[in-house]
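S.K.: Residue numbers (my numbering), protein chains in the order written: chain A, 377 to 611; chain F, 377 to 611.
Backbone N, C-alpha and C fix where the C-beta goes; we use that ideal spot for every residue, glycine too.
What you are looking at is a predicted structure, and each value in this text was computed from that prediction instead of being measured.
My questions will all concern the structure given below.
Protein chains: 2
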Amino acid sequence: MASTANFTTVTLHLHRQIALLKQQANLLGTLVEEQFENALRALAENDLELAEKVVKLDKDVDQREINLEEECLKIIALYQPVAVDMRFLISTIKITNDLERIGDLARDIAQLVISNNGESRERIIDFAALTAKVKWMVRKGLEAMIALDSETAREVCNSDDEVDEQFRLIKEKVISELEKGNSNVRALITELTISDYMESIADHAKKICEDVVYTVDAEVIRHSSLVDTPKNLSS
Amino acid sequence: MASTANFTTVTLHLHRQIALLKQQANLLGTLVEEQFENALRALAENDLELAEKVVKLDKDVDQREINLEEECLKIIALYQPVAVDMRFLISTIKITNDLERIGDLARDIAQLVISNNGESRERIIDFAALTAKVKWMVRKGLEAMIALDSETAREVCNSDDEVDEQFRLIKEKVISELEKGNSNVRALITELTISDYMESIADHAKKICEDVVYTVDAEVIRHSSLVDTPKNLSS
Chain A
377 MASTANFTTV TLHLHRQIAL LKQQANLLGT LVEEQFENAL RALAENDLEL AEKVVKLDKD
437 VDQREINLEE ECLKIIALYQ PVAVDMRFLI STIKITNDLE RIGDLARDIA QLVISNNGES
497 RERIIDFAAL TAKVKWMVRK GLEAMIALDS ETAREVCNSD DEVDEQFRLI KEKVISELEK
557 GNSNVRALIT ELTISDYMES IADHAKKICE DVVYTVDAEV IRHSSLVDTP KNLSS
Chain F
377 MASTANFTTV TLHLHRQIAL LKQQANLLGT LVEEQFENAL RALAENDLEL AEKVVKLDKD
437 VDQREINLEE ECLKIIALYQ PVAVDMRFLI STIKITNDLE RIGDLARDIA QLVISNNGES
497 RERIIDFAAL TAKVKWMVRK GLEAMIALDS ETAREVCNSD DEVDEQFRLI KEKVISELEK
557 GNSNVRALIT ELTISDYMES IADHAKKICE DVVYTVDAEV IRHSSLVDTP KNLSS
């Protein structure tokens with residue numbers, strides 16, 4: 377009886393720690409999403425001040441990722457969790473790593489705005505559709521992470537092919553413009569670079585969702601191009 | 377006394393499992409390095425057959441990464457390791473993830489060779505220096521991983537800035553060629569893409585080394601641009 381009571385207390389403590397961790401992970405997710413949206417806004421509006429704010433805040437994102445990983449390791453060492461709790465902790469380490477990388481890419485976009493020195497000009501390539509899809513993947517990826525919702529996570533994973541196709545089309549458009557002799561070479565290469573960053577952000581959103589599926593359904597879905605809806609959801 | 381004997385047996389088993397895991401991680405590292413070198417050779421020699429071999433082998437790399445991660449999780453669940461053993465296991469999960477990504481990028485380079493349909497032509501951009509540096513980082517990174525040599529790992533981390541600078545120079549060269557009206561637009565964009573893949577491979581080699589430093593010295597060095605030699609090595 378005493379042993380059961382002790383076990384229950386330990387489980388209670390563990391779950392309290394996990395709840396706190398989840399809060400911090402959500403906070404990091406919100407911060408990274410804000411960084412990404414601000415980078416896009418800085419780009420759209422040639423807003424140097426906002427771009428500099430994004431670059432400056434990146435250190436905060438980095439520190440939060442380090443703290444979160446250390447927290448996960450401490451909890452694993454202290455409570456030796458099993459099954460879903462253990463999967464949650466390992467996934468949190470991997471997810472925060474991907475969130476930090478999204479933060480880095482947002483910073484890289486902001487840095488391109490800064491190196492352009494706020495010069496206002498028309499975009500040559502229309503990447504509104506790509507931007508919208510990547511924003512959707514990040515938003516839904518975070519929702520899936522917070523709610524541990526593997527159905528939404530699988531939906532996000534399946535969107536990655538669409539992003540890849542949009543990126544391919546943009547690349548072809550850049551090549552075609554250059555072949556036609558468009559003289560805005562630097563601007564075209566910058567727009568290609570930004571699209572490439574977007575595609576990488578989508579990859580990280582996908583990886584976050586693969587870890588959500590792993591946590592919830594104990595199923596490894598990475599490296600598969602299309603993700604089946606699990607049997608219990610499709611039936 | 378009995379308890380001590382039991383503890384020793386468990387530790388012995390744990391270390392046997394870790395030794396086996398290390399062997400498998402080394403094997404994956406060797407395979408990924410071979411994939412990368414073959415992709416570069418396929419590119420240099422327009423060798424379609426070799427490029428197809430690289431693409432085909434990528435599934436093997438993916439499967440090995442999944443197996444290794446599952447093995448790490450099993451060992452953590454079973455032996456509840458602490459300190460350096462725990463750090464080793466968590467780092468192995470992260471390192472195999474980076475190895476798998478290097479494998480993906482090698483596959484992407486091979487796919488560019490295939491989409492070029494083996495057509496032989498002179499390179500416009502000379503990326504021999506970039507290639508040599510990235511190959512060195514991958515080689516040294518694997519050595520540091522195998523020998524758990526944090527001094528070499530720090531050396532690799534510090535080389536990343538050099539790769540970034542070489543990539544920046546290549547990008548400027550591509551822009552300058554296009555501005556001069558070089559009509560090989562598609563070839564130039566492909567060469568820029570390959571250089572970008574190289575730069576990403578260097579990033580992953582750096583991340584592997586950051587995890588080696590974490591395992592050996594229990595120090596988090598990621599997100600710092602230059603890595604100090606630890607006091608015990610510089611004195």
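Name the chain F residues that come within less than 7 Å of residue 438(A), Cβ to Cβ?
M.R.: For this step, residue 438(A) is matched to residue 62 along the first sequence. Result: 599.
S.K.: In the structure shown, what three-state DSSP assignment does residue 556(A) receive?
M.R.: In the first sequence, residue 556(A) corresponds to position 180, counting from 1. Residue state, collapsed to three classes: coil.
S.K.: Going along chain F, which residues have a C-beta under 9 Å from residue 462(A)?
M.R.: In the first sequence, counting from the first residue as 1, residue 462(A) sits at position 86. Within 9 Å Cβ-Cβ: 449, 452, 453.
S.K.: Identify the contact partners of residue 596(F) in chain A, using a Cβ-Cβ distance below 9 Å as the criterion.
M.R.: The sequence position of residue 596(F) within the second sequence is 220, counting from 1. Within chain A, the residues near residue 596(F) are 442, 445, 446.
S.K.: Which runs of the alpha helix (DSSP H), 4 residues or longer, sit entirely within the segment 545-599 of chain F?
M.R.: Counting only runs of 4 or more, we get 561-593.
S.K.: What residues of chain A sit near residue 456(F), judged by a beta carbon separation below 8 Å?
M.R.: If you number the second sequence from 1, residue 456(F) lands on position 80. Result: 456.
S.K.: Exposed or buried, what is residue 576(A) when buried is set at 16 or more other beta-carbons lying within 10 Å of its beta-carbon?
M.R.: Reading the first sequence from its first residue, position 200 is the one you call residue 576(A). Buried is the call here.
S.K.: Examine chain F for any beta-carbon lying closer than 8 Å to the beta-carbon of residue 466(A), and answer yes or no.
M.R.: Counted from its first residue, the first sequence places residue 466(A) at position 90. Output row for residue 466(A): interface = yes.
S.K.: Which residues in the same chain as residue 568(F) place their Cβ atom closer than 6 Å to its Cβ, once the five residues preceding and following it in sequence are excluded?
M.R.: As a working mapping, residue 568(F) is identified with position 192 in the second sequence. Contacts found: 550.
S.K.: Could you say which of 454(F), 482(F), 539(F), 449(F) lies nearest to residue 467(F) if we only look at CA atoms?
M.R.: The residue given as residue 467(F) occupies position 91 in the second sequence. Here the closest residue by C-alpha is 449(F).
S.K.: CB residue 463(F) to CB residue 594(F), shorter than 8 Å?
M.R.: Residue mapping note: residue 463(F) aligns to position 87 of the second sequence, counting from 1. Residue mapping note: residue 594(F) aligns to position 218 of the second sequence, counting from 1. Yes, Cβ-Cβ distance for residue 463(F) and residue 594(F) is below 8 Å.
S.K.: Note down, in chain order, every chain A residue with its Cβ under 7 Å from the Cβ of residue 562(F).
M.R.: Taking the second sequence and counting its residues from 1, the one referred to as residue 562(F) is at position 186. Here the neighbours are 551.
S.K.: Using 10 angstroms around the beta-carbon of residue 458(F), count the other beta-carbons present and answer buried if the total reaches 16, otherwise exposed.
M.R.: Position 82 of the second sequence holds residue 458(F). Residue 458(F) is exposed by the Cβ-count criterion.
S.K.: Nearest CA to the CA of residue 414(F): which residue from 404(F), 403(F), 428(F)?
M.R.: Locating residue 414(F) in the second sequence gives position 38, counting from the first residue. Comparing Cα positions, the closest option is 428(F).
S.K.: Would you check if there are 3 or more beta carbon pairs closer than 8 Å linking the segment 513-527 of chain F to the segment 550-562 of chain F?
M.R.: As far as the Cβ criterion goes, the segment 513-527 of chain F does not touch the segment 550-562 of chain F, which means the pair count is below three.
S.K.: Residues of chain A with a CB under 9 Å from the CB of residue 469(F): which are they?
M.R.: Translated into the one-based positions of the second sequence, residue 469(F) becomes position 93. Near residue 469(F) (Cβ distances below 9 Å), the residues of chain A are 466, 469, 470.
S.K.: Tell me which same chain residues have a C-beta within less than 7 Å of the C-beta of residue 509(A), skipping the five on either side of it?
M.R.: One-based indexing of the first sequence puts residue 509(A) at position 133. Around residue 509(A): 535, 538, 539, 542.
S.K.: Could you have a look at residue 525(A) and say whether DSSP puts it in helix, strand or coil?
M.R.: By one-based count along the first sequence, residue 525(A) stands at place 149. In this structure, residue 525(A) counts as coil in the three-state DSSP scheme.
S.K.: Residue 411(F) to residue 387(A), Cα distance in whole Å?
M.R.: Position 35 of the second sequence holds residue 411(F). Position 11 of the first sequence holds residue 387(A). Rounded to whole angstroms, residue 411(F) to residue 387(A) spans 45 Å at the Cα level.
S.K.: Using a Cβ-Cβ distance cut-off of 8 Å, determine whether residue 506(F) contacts chain A.
M.R.: Numbered from its first residue, the second sequence carries residue 506(F) at position 130. So, not an interface residue.
S.K.: Any idea if residue 605(F) is buried or exposed, counting beta-carbon neighbours within 10 angstroms, 16 or more meaning buried?
M.R.: Start at 1 with the first residue of the second sequence, and residue 605(F) comes out as number 229. Reliability fails at residue 605(F), whose pLDDT of 48 lies under 50, so the model's placement of it is uncertain and no value is given.
S.K.: From what residue to what residue does the alpha helix (DSSP H) around residue 440(F) run?
M.R.: Counted from its first residue, the second sequence places residue 440(F) at position 64. It spans 424-455 - the alpha helix (DSSP H) in which residue 440(F) sits, taken as one unbroken run.
S.K.: Using a Cβ-Cβ distance cut-off of 8 Å, determine whether residue 490(A) contacts chain F.
M.R.: For the purposes of this step, residue 490(A) is taken as the residue at position 114 of the first sequence. So no, residue 490(A) is outside the interface.
S.K.: Does the beta-carbon of residue 409(F) have 16 or more other beta-carbons within 10 angstroms, so that it is buried, or is it exposed?
M.R.: As a working note, residue 409(F) is residue 33 in the second sequence. Buried.
S.K.: Within 8 Å of any Cβ in chain A, is that where the Cβ of residue 433(F) sits?
M.R.: Your numbering for residue 433(F) matches position 57 in the second sequence. Output row for residue 433(F): interface = no.
S.K.: Would you decide whether residue 557(F) is buried or exposed? Buried here means 16 or more other CB atoms lie within 10 Å of its CB.
M.R.: Taking the first residue of the second sequence as position 1, residue 557(F) is located at position 181. It counts as exposed.
S.K.: At the level of alpha carbons, what is the spacing between residue 478(A) and residue 433(A)?
M.R.: Here residue 478(A) is taken as the residue at index 102 of the first sequence, counted from 1. Here residue 433(A) is taken as the residue at index 57 of the first sequence, counted from 1. C-alpha separation (whole angstroms): 13 Å.
S.K.: By the three-class DSSP mapping on this structure, what secondary structure does residue 476(F) have?
M.R.: Taking the first residue of the second sequence as position 1, residue 476(F) is located at position 100. It is helical.
S.K.: Could you check whether the Cβ of residue 555(A) sits closer than 8 Å to any Cβ belonging to chain F?
M.R.: For the purposes of this step, residue 555(A) is taken as the residue at position 179 of the first sequence. Residue 555(A) counts as touching chain F.
S.K.: When the Cα atoms are used, what is the spatial distance from residue 488(A) to residue 501(A)?
M.R.: Within the first sequence, the letter at position 112 stands for residue 488(A). Within the first sequence, the letter at position 125 stands for residue 501(A). The straight-line gap from Cα to Cα measures roughly 16 Å.
S.K.: Roughly how far, in whole angstroms, is the beta-carbon of residue 506(F) from the beta-carbon of residue 574(F), given that I think they are within contact range, below 8 Å?
M.R.: For the purposes of this step, residue 506(F) is identified with residue 130 of the second sequence, where counting begins at 1. For the purposes of this step, residue 574(F) is identified with residue 198 of the second sequence, where counting begins at 1. Their Cβ separation, rounded to whole angstroms, is 5 Å, which keeps residue 506(F) and residue 574(F) in contact under 8 Å.
S.K.: Would you say residue 606(A) lies against chain F (beta-carbon separation less than 8 Å)?
M.R.: Within the first sequence, numbered from 1, the residue matching residue 606(A) stands at position 230. With a pLDDT of only 48 at residue 606(A), under the threshold of 50, the placement of this residue in the model should not be trusted, and no figure is reported.
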